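Participant:
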Amino acid sequence: MTAWLNDSLLLIPAYNEEAALGSLLDEVRGLFPALAVAVVDDGSEDRTPEIARAHGAVVLGLPCNLGVGGTMQAGFEYAITRGYRQVIRCDGDGQHPPAEIPKLLAALQSSGADLVVGSRFLDERAYAGTILRHAGIRGLAALLSAACRQRITDPTSGFQALNRLAAFFLARNCPADYPEPESIALLTRQGYRVCETAVAFRARQGGQSSIGNRMALYYALKVALALVLDRARAVDPRFHRERVKGDWGL
Amino acid sequence: MNYLVDVLGILLILASGLFFVIWRKRLGWLARAGLLLGIVLIVIFTGVTLHDPGSLHSPELKLRGVTGLLSFLVLIVTLEAVRRTRMRERYALLWVGTGLVILLFAIFPRSAMAWLQQLTGMQYVTAVVVVIFGFLLLVAFHISIMLSRLQDNQGRAVRRIALLEARLEALEAKREGPPRNPVSAPPPAPPGRAS
Numbered sequence: 008m009t010a011w012l013n014d015s016l017l018l019i020p021a022y023n024e025e026a027a028l029g030s031l032l033d034e035v036r037g038l039f040p041a042l043a044v045a046v047v048d049d050g051s052e053d054r055t056p057e058i059a060r061a062h063g064a065v066v067l068g069l070p071c072n073l074g075v076g077g078t079m080q081a082g083f084e085y086a087i088t089r090g091y092r093q094v095i096r097c098d099g100d101g102q103h104p105p106a107e108i109p110k111l112l113a114a115l116q117s118s119g120a121d122l123v124v125g126s127r128f129l130d131e132r133a134y135a136g137t138i139l140r141h142a143g144i145r146g147l148a149a150l151l152s153a154a155c156r157q158r159i160t161d162p163t164s165g166f167q168a169l170n171r172l173a174a175f176f177l178a179r180n181c182p183a184d185y186p187e188p189e190s191i192a193l194l195t196r197q198g199y200r201v202c203e204t205a206v207a208f209r210a211r212q213g214g215q216s217s218i219g220n221r222m223a224l225y226y227a228l229k230v231a232l233a234l235v236l237d238r239a240r241a242v243d244p245r246f247h248r249e250r251v252k253g254d255w256g257l
Numbered sequence: 013m014n015y016l017v018d019v020l021g022i023l024l025i026l027a028s029g030l031f032f033v034i035w036r037k038r039l040g041w042l043a044r045a046g047l048l049l050g051i052v053l054i055v056i057f058t059g060v061t062l063h064d065p066g067s068l069h070s071p072e073l074k075l076r077g078v079t080g081l082l083s084f085l086v087l088i089v090t091l092e093a094v095r096r097t098r099m100r101e102r103y104a105l106l107w108v109g110t111g112l113v114i115l116l117f118a119i120f121p122r123s124a125m126a127w128l129q130q131l132t133g134m135q136y137v138t139a140v141v142v143v144i145f146g147f148l149l150l151v152a153f154h155i156s157i158m159l160s161r162l163q164d165n166q167g168r169a170v171r172r173i174a175l176l177e178a179r180l181e182a183l184e185a186k187r188e189g190p191p192r193n194p195v196s197a198p199p200p201a202p203p204g205r206a207s
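Same order as they appear, the protein sequences are chains A and B.
Everything in the first sequence is counted per my numbering, starting at 8 for the first residue and increasing by one.
Everything in the second sequence is counted per my numbering, starting at 13 for the first residue and increasing by one.
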C-alpha cells in the first residue's frame with residue numbers, strides 16, 4: 008500500500024485556485040503524509056503559489072499563462088527529471104477526492120496500463136453540470152472511443168494516474184489547449200495502454216471552471232478537430248511505447 | 013505633364029518614408045509633415061484625372077482614391093509600428109512592399125493592371141482582385157504559422173524557467189534553511205575544503 012508513495016508524484020495544475028487549494032493540500036497531507044506534491048501554477052493572478060508553498064507543496068511557477076496543456080507538460084517534465092515512477096494528476100478545485108488516489112494507483116499496477124483515467128460515468132449515472140455539457144461529454148466520449156477503438160466513458164476527466172512511460176511521452180508531446188481527450192487519443196495511437204476506473208467526483212469546492220458555457224462549444228469543436236487530425240497524422244516512431252521503453256530505459 | 017506630377021509624388025512619398033526610418037526619433041513631426049504632403053499629392057493625382065473629362069464620372073476615379081488611401085494606411089501603420097519598435101523590420105518589409113504595390117495601383121491603375129494581366133494572363137479585374145486577396149490570405153496564413161511556432165517556443169522557455177526556479181528553490185532550502193526532510197540533508201562537508 009505504501010510502497011508506491013515513495014516514488015509517486017501528485018501534480019496539481021492550478022490557475023487562480025486559492026479558494027480550494029489550501030484545504031485540498033491539507034487533505035492530501037493528512038491522508039498520505041509521504042506523497043510528493045507539486046502544484047504547477049499557470050501564472051495565477053491570485054495567491055495560489057503562496058498558498059501552495061504554505062501548505063507544503065513544491066511549486067512550479069510558470070511566469071505566464073500557458074493553459075492546461077503547457078501546465079501539465081511542465082509537471083510531467085518535472086516528474087521525469089526527478090525520477091518519479093508514477094504521476095497522479097488532479098484538479099486544484101477539490102473536485103477530485105484524494106482518497107481515491109490509491110484506487111487509481113492500484114488500477115495502474117493491476118491493469119498494466121500506462122494511463123488510468125478516473126471516470127465519473129463508469130458505474131453510476133453521474134451528471135456533469137448542465138444538460139448541454141453532459142451531452143457534449145457524451146458526444147466526445149463516443150468520438151474518442153471510436154478514435155481509440157476502445158470504450159472511453161469520461162474523456163474530459165483530469166483525475167488520472169500515469170506511469171513513467173506515459174508521463175515521458177506527455178512531457179515531450181502534450182497537446183496544447185484542452186489536453187485530456189487528445190492526450191488519450193495520442194497515447195493509444197502511439198501504442199500506450201489506457202484504461203478507466205470508476206471514481207466518485209465531488210462538487211467543485213471553489214474557484215471557477217476554466218470552461219464557461221460559451222467556451223464549451225469551442226472546446227468540443229477544437230477537440231473534435233484535433234482528434235480527427237491526430238488520426239491523419241503519422242505515428243511518430245520516436246515516441247512509440249516500445250521504443251521509449253527501450254531507448255530511454257524507462 | 014501628367015506623369016511628371018505622378019513621379020514627383022512618388023519621390024516625395026518615398027522621401028517621407030525615409031524620414032520616418034532615418035529621423036524617427038528626433039524629427040518625427042517632419043516625417044509626419046512629409047506623409048501629409050504625400051496624402052495631398054494623392055489627392056492631386058486624382059485631381060489630375062479630373063482634367064480628363066471622360067474620367068470625371070467614372071468609378072475608376074473613386075477606386076483610385078480608395079486604393080491610394082488604403083496604401084497610405086498600410087504604409088503609415090507599418091512605419092509607425094516599426095518606429096515604436098512594435099514590429100520587426102523583416103516583417104515590416106512585407107507590409108511596406110504590399111503598401112507600395114497598392115500605391116502603384118492607385119497611381120498607375122491602367123499600366124499596373126496591364127502589367128499584371130500580361131504577367132498572369134488574367135483578363136478580368138475580378139481575377140486580379142482574387143490574386144490580391146489570395147496574397148493577403150497567404151500572408152495571414154504565414155502569420156498563423158509563425159504565431160503557433162512562437163507559442164511553442166514560448167511554452168518551452170516558460171516551462172524551463174519554472175523547472176529551474178523550482179530546482180533553485182530546493183537547492184536554497186537545502187543550503188540555507190533547516191532541512192525539512194532529514195534523509196535528504198546534505199552530507200557534512202569534508203574538512204580542509206573551505207573556500
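Beta carbons: idealized from backbone N, C-alpha and C, even for Gly.
From a predicted model like this one, the values you see are computed outputs, not experimental measurements.
Rounded to a whole number of angstroms, what is the C-alpha to C-alpha distance between A/L147 and B/Y103?
Facilitator: Counted from its first residue, the first sequence places residue 147 of chain A at position 140. Counted from its first residue, the second sequence places residue 103 of chain B at position 91. Computed Cα separation, rounded: 40 Å.
Participant: Within 10 angstroms of the Cβ of A/D98, are there 16 or more other Cβ atoms? Answer buried if so, exposed if not.
Facilitator: Counted from its first residue, the first sequence places residue 98 of chain A at position 91. Answer is buried; the Cβ neighbour count reaches 16.
Participant: Between A/F262 and A/V251, which are expected to be in contact by the criterion C-beta below 8 Å, what is the C-beta distance as a whole number of angstroms?
Facilitator: Only positions 8 to 257 of chain A appear in this structure, which leaves residue 262 of chain A out of reach.
Participant: For the region 125-138 of chain B against the region 18-36 of chain A, are there 3 or more C-beta pairs whose distance is under 8 Å?
Facilitator: The region 125-138 of chain B is not in contact with the region 18-36 of chain A.
Participant: Can you pull the chain B residues whose beta carbon is under 8 Å from the beta carbon of A/Q80, in chain order?
Facilitator: By one-based count along the first sequence, residue 80 of chain A stands at place 73. Here the neighbours are G167 and R171.
Participant: Sort B/L131, B/L87, B/A124 and B/A118 by Cα distance to B/L105 and report the nearest one.
Facilitator: One-based indexing of the second sequence puts residue 105 of chain B at position 93. Measuring from the Cα of B/L105, the nearest candidate turns out to be B/L87.
Participant: Are A/D121 and A/N170 touching if we call contact CB-CB under 8 Å?
Facilitator: As a working note, residue 121 of chain A is residue 114 in the first sequence. As a working note, residue 170 of chain A is residue 163 in the first sequence. Cβ atoms of A/D121 and A/N170: closer than 8 Å.
Participant: My parser needs the beta strand (DSSP E) runs of 3 or more residues fully inside the region 155-218 of chain A; what are they?
Facilitator: Whole beta strand (DSSP E) segments, 3+ residues: 167-170 and 201-205.
Participant: With DSSP collapsed to three states, give me the class of A/D49.
Facilitator: For the purposes of this step, residue 49 of chain A is taken as the residue at position 42 of the first sequence. Coil at A/D49, not helix or strand.
Participant: Contact between the region 189-202 of chain A and the region 151-162 of chain A is defined here as three or more beta-carbon pairs at a separation below 8 Å; is this criterion met?
Facilitator: Contact holds: three or more Cβ-Cβ distances are below 8 Å.
Participant: Taking C-beta to C-beta, are A/A43 and A/L115 nearer than 8 Å?
Facilitator: Taking the first sequence and counting its residues from 1, the one referred to as residue 43 of chain A is at position 36. Taking the first sequence and counting its residues from 1, the one referred to as residue 115 of chain A is at position 108. Against a cut-off of 8 Å, the Cβ pair of A/L115 and A/A43 comes out as no contact.
Participant: Quick check on B/E177 - is its C-beta less than 8 Å from some C-beta in chain A?
Facilitator: The residue labelled residue 177 of chain B in the question sits at position 165 within the second sequence. With 8 Å as the cut-off, B/E177 counts as an interface residue toward chain A.
Participant: Output, in sequence order along the chain, the residues in the region 83-101 of chain A whose CB is closer than 9 Å to any CB in chain B.
Facilitator: So the close ones are E84, Y85 and T88.
Participant: Can you say whether A/T88 is buried or exposed, counting buried as having 16 or more other CB atoms within 10 angstroms of its CB?
Facilitator: Translated into the one-based positions of the first sequence, residue 88 of chain A becomes position 81. Classification for A/T88: exposed.
Participant: Note down the Cα distance separating A/W255 from A/F83, rounded to an integer number of angstroms.
Facilitator: Numbered from its first residue, the first sequence carries residue 255 of chain A at position 248. Numbered from its first residue, the first sequence carries residue 83 of chain A at position 76. The straight-line gap from Cα to Cα measures roughly 15 Å.
Participant: In angstroms with no decimal places, state the Cα-to-Cα distance between A/Q125 and A/I95.
Facilitator: One-based indexing of the first sequence puts residue 125 of chain A at position 118. One-based indexing of the first sequence puts residue 95 of chain A at position 88. Reading off the sequence shown, one finds Gly at residue 125 of chain A, where the question assumed Gln. Near 10 Å, if we compare the C-alpha coordinates of A/I95 and A/G125.
Participant: Of all the residues that make up the region 58-73 of chain A, which are near chain C by a beta-carbon distance shorter than 8 Å?
Facilitator: The displayed structure is made up of protein chains A and B, and chain C is not among them.
Participant: Who are B/R171's beta bridge partners in DSSP?
Facilitator: As a first step, residue 171 of chain B must be located in the second sequence, where it is residue number 159. Looking at the DSSP assignment, B/R171 forms no beta bridge with any residue, so it has no partner.
Participant: Beta strand (DSSP E) containing A/G125: first to last residue?
Facilitator: Stepping through the first sequence from its first residue, residue 125 of chain A is reached at position 118. That run of the beta strand (DSSP E) goes L122 to S126.
Participant: Are there three or more Cβ pairs, one per stretch, closer than 8 Å when the region 231-247 of chain A is compared with the region 183-192 of chain A?
Facilitator: Cβ pair count under 8 Å is three or more, so yes.
Participant: Residues of chain B with CB under 8 Å from A/G77, in chain order?
Facilitator: Looking up residue 77 of chain A in the first sequence gives position 70. What A/G77 touches in chain B: G167, V170 and R171.
Participant: When DSSP labels each residue in this structure, what does B/L180 get in the three-state scheme?
Facilitator: For this step, residue 180 of chain B is matched to residue 168 along the second sequence. If DSSP states are grouped into helix, strand and coil, B/L180 belongs with the helices.
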